[in-house]
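My numbering puts the last residue of the sequence shown at 424; the count rises by one with no breaks.
This report refers to the structure that appears directly beneath it.
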Amino acid sequence: MKNLLIITYYWPPAGGAGVQRWLKFSKYLPEFGWHPIILTVDPDQASYPQRDESLLKEVGDEVEVFRTKSFEPLQLYAKAAGKERVPYGGFSNEKSNSSFSRFLRGNFFIPDARRGWNRFAIAKAKEIISSREIDCVITTGPPQSTHLIGLSLKRQLGIKWGVDLRDPWTDIYYNEKMLRTQWAENRDAKLEKQTLQEADFCITVSNGFVELFKQKVDRAYHVVTNGFDEQDLVNVVPRKSAESKKLIISYTGTMSDIYEPDVFFEALARYGGSFELRIAGSISEGVQKKIDDCGISESVNYLGYLSHADALKEMSNADLLLLISPMVKNSKGIIPGKLFEYLAFHKPIVAIADNEGGDIERILKQTGAGEVFSRTNNGGILKWINTLGSTSIANNSEMIQKYHRRNLTKQLVEQLNKI
Numbered sequence: 006m007k008n009l010l011i012i013t014y015y016w017p018p019a020g021g022a023g024v025q026r027w028l029k030f031s032k033y034l035p036e037f038g039w040h041p042i043i044l045t046v047d048p049d050q051a052s053y054p055q056r057d058e059s060l061l062k063e064v065g066d067e068v069e070v071f072r073t074k075s076f077e078p079l080q081l082y083a084k085a086a087g088k089e090r091v092p093y094g095g096f097s098n099e100k101s102n103s104s105f106s107r108f109l110r111g112n113f114f115i116p117d118a119r120r121g122w123n124r125f126a127i128a129k130a131k132e133i134i135s136s137r138e139i140d141c142v143i144t145t146g147p148p149q150s151t152h153l154i155g156l157s158l159k160r161q162l163g164i165k166w167g168v169d170l171r172d173p174w175t176d177i178y179y180n181e182k183m184l185r186t187q188w189a190e191n192r193d194a195k196l197e198k199q200t201l202q203e204a205d206f207c208i209t210v211s212n213g214f215v216e217l218f219k220q221k222v223d224r225a226y227h228v229v230t231n232g233f234d235e236q237d238l239v240n241v242v243p244r245k246s247a248e249s250k251k252l253i254i255s256y257t258g259t260m261s262d263i264y265e266p267d268v269f270f271e272a273l274a275r276y277g278g279s280f281e282l283r284i285a286g287s288i289s290e291g292v293q294k295k296i297d298d299c300g301i302s303e304s305v306n307y308l309g310y311l312s313h314a315d316a317l318k319e320m321s322n323a324d325l326l327l328l329i330s331p332m333v334k335n336s337k338g339i340i341p342g343k344l345f346e347y348l349a350f351h352k353p354i355v356a357i358a359d360n361e362g363g364d365i366e367r368i369l370k371q372t373g374a375g376e377v378f379s380r381t382n383n384g385g386i387l388k389w390i391n392t393l394g395s396t397s398i399a400n401n402s403e404m405i406q407k408y409h410r411r412n413l414t415k416q417l418v419e420q421l422n423k424i
């Protein structure tokens with residue numbers, strides 16, 4: 006059994022989609038001859054946007070977990086920005102952000118404010134590497150500062166090192182609002198380039214992101230998407246009565262202003278039947294107002310943030326699953342993690358996205374699981390919803406199985422075995 010040291014900031018009890026990826030990889034890695042060793046931050050000192058204590062039960066007994074302390078300047082940033090929670094990128098998309106808080110985040114925290122963990126993580130990683138035979142180290146970001154831990158270990162110890170790029174780095178959409186100086190932009194770009202050049206292998210989550218990273222450093226990148234785990238669905242039982250004629254629509258995850266969901270709300274306002282839109286996740290005041298303006302507020306149920314298990318129950322109970330791609334720069338490669346769990350339920354998926362030819366559209370066409378509509382096509386959305394009762398979705402089960410976490414772990418291991 007080979008040893009893989011996985012350095013990740015987000016690990017249970019952290020919540021959110023970013024946690025699921027390596028939680029599931031660590032579950033299936035032993036089946037392919039790799040023993041996962043996790044290096045992460047002490048949750049009492051971490052800056053998590055969400056917590057999901059239930060995920061701690063999913064960490065297998067075979068997974069070793071080491072936690073270190075951290076210095077978290079992000080908490081100071083959050084206080085300056087007037088926030089109760091800290092976002093994943095250290096930046097909120099709400100319009101209330103002051104110029105000062107954006108300047109602070111963009112110029113003093115490079116590449117991000119969770120870099121305060123690095124010196125503690127580097128010291129612990131060296132201790133782990135010296136005490137056992139580590140065959141490879143992999144760092145996953147965001148936070149992209151985690152990759153600087155791997156870069157330091159690579160330079161000092163000459164270890165084999167891979168990077169997992171779950172989001173763009175310098176091309177991430179919120180950087181445009183950071184009020185960055187030219188020095189800050191150049192510094193961040195240099196760190197990104199050094200990471201991409203010196204890693205032994207690079208994986209990312211979509212074809213669209215490969216295109217972005219190739220513009221920075223032209224090298225091989227390997228796509229290993231996010232996915233679903235069928236074992237998570239075993240105890241999920243739908244609550245909806247078979248006799249119910251109400252159309253249940255489920256959306257899980259954040260819905261902030263950058264998602265611009267107006268077109269879907271407008272289509273629902275014209276829908277002649279009874280429906281309930283259930284939103285499991287945080288929602289901005291701007292989106293709330295759009296719901297009110299469309300006159301559908303009485304048919305919308307706000308559930309707030311749910312544990313992963315409860316979010317799956319919501320998906321199971323739905324007749325229609327809603328997916329919205331944010332209206333941001335470089336959205337072509339954005340694939341919300343929820344899409345893959347939507348696929349697992351074999352229920353119709355309606356996606357709102359303006360990136361024609363993007364990864365969401367490609368996956369829905371491959372699997373036959375739903376349709377993608379632009380933000381100018383509320384008539385098309387309404388027509389499609391009205392046909393749901395008379396037509397069936399041609400789910401391609403074989404194609405959907407490619408996104409099972411076990412199969413995706415096999416793809417990861419193919420890269421590990423090459424080094």
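Ideal Cβ positions, reconstructed from N, Cα and C, are used throughout, including at glycine.
With a threshold of 8 Å, are at least 3 pairs of Cβ atoms found where one atom belongs to the region 131-144 and the other to the region 165-180?
yes
DSSP has Gly-167 in a bridge; who is on the other side?
Ile-143 and Phe-206
Whole angstroms are fine: how far does the CA of Gly-338 sit from the CA of Lys-219?
13 Å
The beta strand (DSSP E) with Leu-252 in it runs from where to where?
252-257
Identify, in the order they occur along the chain, each residue of the same chain with its Cβ nearer than 8 Å to the Cβ of Thr-13, setting aside the five sequence neighbours on each side.
Trp-27, Ile-43, Leu-44, Thr-45, Thr-144, Thr-145 and Thr-151
Proximity of Glu-77 and Ala-130 at Cβ, strictly below 9 Å:
no
What distance in whole Å lies between the Cβ atoms of Arg-192 and Ile-115, which are believed to be in contact at a cut-off of 8 Å?
5 Å
Are the Cβ atoms of Gly-342 and Ala-22 separated by less than 9 Å?
yes
Answer with buried or exposed for Gln-187, where buried requires no fewer than 16 other C-beta atoms within 10 angstroms of its C-beta.
exposed
Decide if Asp-297 is buried, meaning its Cβ has at least 16 other Cβ atoms within 10 Å, or exposed.
exposed
Determine the direct distance from the alpha carbon of Asn-306 to that of Ala-51, and round the result to whole angstroms.
31 Å
Quick one, which of Val-64, Gly-309, Tyr-226 and Ala-399 has its alpha-carbon nearest Gln-25's?
Val-64
Give the range of the alpha helix (DSSP H) segment to which Arg-119 is assigned.
Segment: none, Arg-119 is in no alpha helix (DSSP H) and carries neither H nor E.
Helix, strand or coil at Glu-69 [DSSP, three-state]
strand
Which residue's Cα is closest to the Cα of Tyr-53: Ala-128, Trp-16, Phe-71 and Ile-139?
Trp-16
Determine the DSSP secondary structure at Asn-8, reduced to helix, strand or coil.
strand
Environment of Gly-373 [buried if 16+ CB atoms lie within 10 Å]:
exposed
Would you identify the three-state DSSP class for Tyr-408, choosing helix, strand or coil?
coil
Just mark Ala-225 as buried or exposed, buried being the case when its beta carbon has 16 or more other beta carbons within 10 Å.
exposed
So who's on the other strand from Thr-45, going by DSSP bridges?
Arg-72
Going straight from the alpha carbon of Ile-398 to that of Asn-240, what length do you get?
24 Å
Between Ile-424 and Glu-366, what straight-line distance do the alpha-carbon atoms span, to the nearest angstrom?
33 Å
Between Tyr-33 and Arg-410, how many whole angstroms is the CB-CB distance? I'm expecting something under 8 Å.
6 Å
Can you list, in chain order, the residues of its chain with a C-beta nearer than 7 Å to that of Lys-407? Leave out the 5 residues immediately preceding and following it.
none
What does Leu-325 pair with, by DSSP beta-bridge criteria?
Ile-254
The beta strand (DSSP E) spanning Ile-390 covers which residue range?
Per DSSP, Ile-390 belongs to no beta strand (DSSP E); it is in the alpha helix (DSSP H), 383-391.
Looking at Asn-123 and Ala-189, is the spacing between their C-beta atoms short of 9 Å?
no
Range covered by the beta strand (DSSP E) that runs through Leu-156
Looking at the DSSP string, Leu-156 is not in any beta strand (DSSP E); the run it does join, the alpha helix (DSSP H), is 151-162.
Count Cβ pairs between the region 325-335 and the region 262-271 that sit closer than 8 Å; are there 3 or more?
yes
Grouping DSSP H, G and I as helix and E and B as strand, with all else coil, what is Asn-98?
Per-residue confidence for Asn-98 stands at a pLDDT of 45, beneath the threshold of 50, marking its modelled position as unreliable; no derived number is given.
Going by DSSP, what residue range makes up the beta strand (DSSP E) through Arg-283?
280-285
Anyone know if the C-beta pair for Leu-369 and Ala-356 falls short of 9 Å?
yes
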